[in-house]
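Yeah, the sequence shown ends on 79 if you go by full-length UniProt numbering, and it's all consecutive.
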Amino acid sequence: PLFVRPWKFGDRFIPLGLRKEKKLQDFFVDEKIPREKRKTIPILVDGEKIIWIVGYRIDDRAKVKPGTKKVLIIKLREM
Numbered sequence: 001p002l003f004v005r006p007w008k009f010g011d012r013f014i015p016l017g018l019r020k021e022k023k024l025q026d027f028f029v030d031e032k033i034p035r036e037k038r039k040t041i042p043i044l045v046d047g048e049k050i051i052w053i054v055g056y057r058i059d060d061r062a063k064v065k066p067g068t069k070k071v072l073i074i075k076l077r078e079m
């Protein structure tokens with residue numbers, strides 16, 4: 001099941017276009033995202049696997065490939 005949660009210490013994902021895992025904390029630092037804001041960024045996960053850091057980057061394993069048969073479009077709005 002897909003669900004949205006805040007980031008957790010130790011979270012890892014494979015940023016789109018890269019081949020190896022990166023710590024989410026390192027991603028935030030590289031993207032210059034302030035610590036206060038990190039707590040508010042929703043993380044879309046499938047079980048424990050990160051699919052999308054909403055507003056920033058999808059996981060490379062979630063990208064659309066030539067053999068992809070179905071696509072799920074997800075839109076998140078601030079409430």
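For glycine and all other residues, C-beta sits at the position ideal for the given N, C-alpha and C.
Quantities reported herein were computed from a predicted structural model and do not represent experimental measurements.
With 16 other Cβ atoms within 10 Å as the buried cut-off, status of residue 76: exposed
So what's residue 29 in DSSP terms, helix, strand or just coil? helix
If we require 4 or more residues per run, which alpha helix (DSSP H) segments fall completely within the UniProt domain "Lysidine-tRNA(Ile) synthetase C-terminal" (2-74)? 24-30, 35-38
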